[in-house]
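With the first letter of the sequence shown counted as 1, position 337 gets the number 337 in the UniProt record's numbering; the numbers rise by one all the way through.
Cβ coordinates follow ideal geometry from the N, Cα and C atoms, glycine included.
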Amino acid sequence: MRRLWLLFAQTVTVGLAIWFIVATLKPEWAASGRVTRVASSVPMMEAPASASPAQSSYREAARLAMPAVVNIFTTKGARQPKTPFMDDPLFRRFFGEQEDRQFSLGSGVVVSPEGYVLTNNHVIETADEIEIALADGRKAVAKVVGTDPETDLAVVKINLQNLPAITLGHADLAKVGDVVLAIGNPFGVGQTVTMGIISALGRNHLGINTFENFIQTDAAINPGNSGGALIDANGNLLGINTAIYSRSGGSLGIGFAIPVTTVKTVMESIISTGQVVRGWIGVEPQDITPELAESFGLAKKSGAIIAGVLKGGPADKAGMRPGDILVEVEGKPVSDTTDMLNLIAQLTPGSKAKMTVLRKGKESGVDVLVGKRPRPRREDQE
């Protein structure tokens with residue numbers, strides 16, 4: 001028994017000595033053995049190559065919408081100030097008409113496979129030529145279908161095949177805090193996607209457009225993004241980016257987009273008739289301030305004061321007078337001047353509309369034959 005114990009002890013001693021020598025002279029052999037054993041016994045958490053993106057990624061939304069967002073290049077002829085030399089035929093022969101070309105950049109959104117592209121009116125309003133560059137590298141000259149300066153929207157058309165059209169979303173279902181992506185061509189660097197949330201809905205009284213109902217977002221919007229897409233987390237169009245609040249020209253996290261509900265109405269009207277037709281009654285409205293409410297003896301501050309009435313206009317013929325307070329249009333309450341403009345604009349020209357005014361503390365109904373809202377005169381660009 002003692003001899004067996006001595007044999008076992010000697011065997012163990014020799015084995016440990018061999019292991020020590022190997023570990024000292026060839027450590028990688030010992031390490032290799034350990035890694036092999038551990039790897040064979042412990043399951044690894046490596047994701048497969050075909051793993052789906054994490055929920056925090058919005059690459060699928062970007063993938064769906066980006067092909068439909070285009071770059072817009074516009075040029076405008078700018079003649080040099082006239083000089084006596086321009087009357088010299090020899091001068092004109094050698095130097096031409098001395099016309100410069102001014103280039104500007106913006107963005108647009110393909111909304112139909114037929115080639116209709118939405119953008120901002122201010123992007124193309126002074127352009128002599130408009131060129132569209134698609135995300136796939138194709139380019140085409142665009143023709144203006146129609147514009148609506150009062151919402152700062154415009155529709156142009158290109159003749160290309162197999163155009164990627166964006167899907168229109170539901171801005172009326174959007175809520176503050178929803179994630180949104182802004183896609184456009186900021187500063188001309190190329191197509192760019194930025195992310196943020198909806199910061200506010202129904203922004204108005206900003207003095208940007210006549211008719212305002214903006215989506216406010218903190219997704220970065222910079223010069224060149226005008227006319228680009230604001231999309232939801234599924235890649236659907238929520239609005240057309242149109243303006244930013246900035247003291248430096250760059251993004252400060254306060255951007256505004258025209259909601260797709262307005263966009264769709266304007267777009268369909270322009271495509272079908274070439275213009276947007278709105279109701280009009282010929283009055284100059286004014287918001288009710290606390291001071292005015294006190295002077296008029298008003299218990300509530302809703303409504304719009306009629307500060308002026310166009311002589312011979314629809315309101316004048318219906319008997320409205322300066323100082324009246326418009327409180328209802330077709331049974332819908334008027335909260336302020338913006339609300340009044342929107343309600344009247346929805347009326348059909350040539351139809352009769354019942355309105356309620358407050359005069360000397362008493363309400364009375366007025367039937368107004370709605371007129372057609374005059375198109376704003378384009379300012380002289382020369």
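DSSP three-state label for residue i, please.
| i | result |
| --- | --- |
| Ser295 | helix |
| Met355 | strand |
| Ala233 | coil |
| Pro186 | helix |
| Thr337 | helix |
| Ile18 | helix |
| Thr265 | helix |
| Pro349 | coil |
| Ser56 | coil |
| Ile271 | helix |
| Val327 | strand |
| Met66 | helix |
| Pro259 | strand |
| Leu163 | coil |
| Thr74 | strand |
| Ile244 | strand |
| Asn121 | helix |
| Met45 | In this prediction, Met45 scores a pLDDT of 42, lower than 50, which makes its location untrustworthy; the coordinate-derived value is nonetheless stated afterwards. Here Met45 sits in coil by DSSP. |
| Pro285 | strand |
| Thr217 | strand |
| Leu238 | strand |
| Ile130 | strand |
| Val370 | coil |
| Thr11 | helix |
| Ile254 | coil |
| Leu310 | coil |
| Lys362 | strand |
| Asp148 | strand |
| Ile344 | helix |
| Lys317 | helix |
| Ala174 | coil |
| Ala135 | coil |
Would you kindly work out how many angstroms separate the C-alpha atoms of residue i and residue j, rounded to a whole number?
| i | j | result |
| --- | --- | --- |
| Arg359 | Asp232 | 46 Å |
| Leu90 | Ser112 | Note that Leu90 scores 49 on pLDDT, short of 50, meaning its location in the model is unreliable; the coordinates nonetheless yield the value given after this. Spanning the two alpha carbons is a distance of roughly 50 Å. |
| Lys143 | Leu310 | 36 Å |
| Lys352 | Lys301 | 27 Å |
| residue 383 | Ala140 | Only positions 1 to 382 of the chain appear in the structure, and residue 383 is not among them; the question remains open. |
| Asn236 | Ala65 | 7 Å |
| Leu341 | Gly137 | 42 Å |
| Lys195 | Ile240 | The question names Lys, but residue 195 in the sequence shown is Met. Going from the Cα of Met195 to the Cα of Ile240 covers about 15 Å. |
| Asp339 | Ala182 | 28 Å |
| Tyr245 | Pro333 | 31 Å |
| Gly350 | Val145 | 25 Å |
| Glu330 | Gly361 | 20 Å |
| Gly253 | Ala219 | 6 Å |
| Leu206 | Gly190 | 29 Å |
| Ala154 | Ile208 | 16 Å |
| Thr289 | Pro67 | 48 Å |
| Thr242 | Val327 | 31 Å |
| Ser269 | Thr147 | 10 Å |
| Pro376 | Ser56 | 45 Å |
| Ala299 | Ala293 | 8 Å |
| Ile271 | Gly115 | 11 Å |
| Ala174 | Ser107 | 23 Å |
| Ser364 | Ala62 | 54 Å |
Let me check understanding here. Comparing Cα to Cα, which of the options lies closest to residue i?
| i | options | result |
| --- | --- | --- |
| Val368 | Arg63, Pro290, Arg321 | Arg321 |
| Ala257 | Asn120, Gln191, Asn342 | Asn120 |
| Ile305 | Asp324, Val329, Asn209 | Asp324 |
| Ala318 | Gln275, Gly106, Trp280 | Trp280 |
| Asn204 | Thr151, Val145, His122 | Thr151 |
| Thr75 | Glu60, Ala127, Gly108, Ser107 | Ala127 |
| Lys372 | Ala61, Asn209, Ile221, Gln275 | Gln275 |
| Ser199 | Ala135, Gly106, Thr262, Gln216 | Gln216 |
| Ala345 | Val277, Gly313, Gly303 | Val277 |
| Thr262 | Leu298, Ser107, Gly202 | Gly202 |
| Asp255 | Leu163, Tyr116, Ala229 | As written in the sequence, residue 255 is Gly, which differs from the Asp given in the question. Ranking the options by Cα distance to Gly255, first place goes to Ala229. |
| Asn234 | Arg59, Gly15, Met267, Gly115 | Arg59 |
| Thr210 | Met355, Ala299, Gly297, Thr337 | Thr337 |
| Ala315 | Phe296, Gly297, Thr356 | Thr356 |
| Gly313 | Asn162, Gly15, Pro374 | Pro374 |
Which whole-angstrom value describes the C-beta separation of residue i and residue j, a residue pair presumed to lie in contact below a C-beta threshold of 8 Å?
| i | j | result |
| --- | --- | --- |
| Leu238 | Val180 | 6 Å |
| Ile124 | Val176 | About 32 Å; that fails the 8 Å criterion. |
| Val370 | Leu347 | 5 Å |
| Pro259 | Asn213 | 6 Å |
| Val110 | Pro164 | 6 Å |
| Asp178 | Ile158 | In fact, because the Cβ distance is near 31 Å, the residues do not count as touching under 8 Å. |
| Leu105 | Met267 | Wrong, their Cβ atoms sit about 22 Å apart, outside the cutoff. |
Could you tell me whether the Cβ of residue i comes closer than 8 Å to any Cβ of chain B?
| i | result |
| --- | --- |
| Thr338 | Any reference to chain B falls outside this structure, which holds one protein chain only. |
With a cut-off of 8 Å, do at least 3 Cβ pairs link the stretch 284-302 to the stretch 169-177?
Output reads no: the stretch 169-177 does not touch the stretch 284-302.
Any contact of the stretch 126-140 with the stretch 55-75, i.e. 3+ C-beta pairs under 8 Å?
Touching, per the Cβ criterion.
Could you tell me whether the stretch 224-239 touches the stretch 184-203, using the rule of 3 or more Cβ pairs below 8 Å?
The stretch 184-203 and the stretch 224-239 touch, with three or more beta-carbon pairs separated by less than 8 Å.
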